[in-house]
Amino acid sequence: MKAIIDRFEDNNLAVLELNDQPGNMLTVSVDELPSNACQGDVLYYKDGSWILAEEETAQRHTDIDELFNSLLAHDDTESE
C-alpha cells in the first residue's frame, strides 16, 4: 500500500492519504513511521511496517516545485 503523509496532529498522530484511493485518509501513530518521516513524504506499507520511499519523495517534491514555478511564471505573463 502506498501513502503520502498529509499532516501531523497532536504531536503523536500522522494522517496519511492512501494513494490508491484518493481522498481516503488513514490516521496512524507517528511511532509506526520512520523517525525521519516528514509531511509530504511517500511511504509504502510492506511486511507490517511503513518504509520511506526517498527517491519517489524527492521526485514528488521536484515535480511540485516545478509546477509551482510554472504557475508563478504564467501569472507574471498575465500581469504584464
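Numbering (UniProt numbering), first residue to last: 1 to 80.
Heads up, the beta-carbon is just placed ideally off N, CA and C, and yes, glycines get one too.
As the structure is a computational prediction, the values presented were derived from the model and not from experiment.
Quiz item: From V30, L26 and M1, pick the residue whose C-alpha is nearest to that of D10; which is it?
Solution: Translated into positions along the sequence shown, residue 10 becomes position 10. The shortest C-alpha to C-alpha distance from D10 to any of V30, L26 and M1 is the one to V30.
Practice problem: Quick one: using the 10 Å Cβ neighbour count with 16 as the cut-off for buried, is residue 82 buried or exposed? | Solution: Absent from the structure is residue 82, since the part of the chain shown begins at 1 and ends at 80.
Exercise. Take V42 as the anchor and find which of M25, S49, E56 and N36 has the nearest alpha-carbon.
Key: To locate residue 42, count along the sequence shown from 1; it is residue 42. Answer by Cα proximity: E56.
Quiz item: So H61 and G40 are in contact, right, with Cβ under 8 Å, and what is the actual spacing, rounded?
Solution: Counting from 1 along the sequence shown, the entry for residue 61 is found at position 61. Counting from 1 along the sequence shown, the entry for residue 40 is found at position 40. Separation of the CB atoms of H61 and G40 is rounded to 7 Å, and the pair is thereby assigned contact status at 8 Å.
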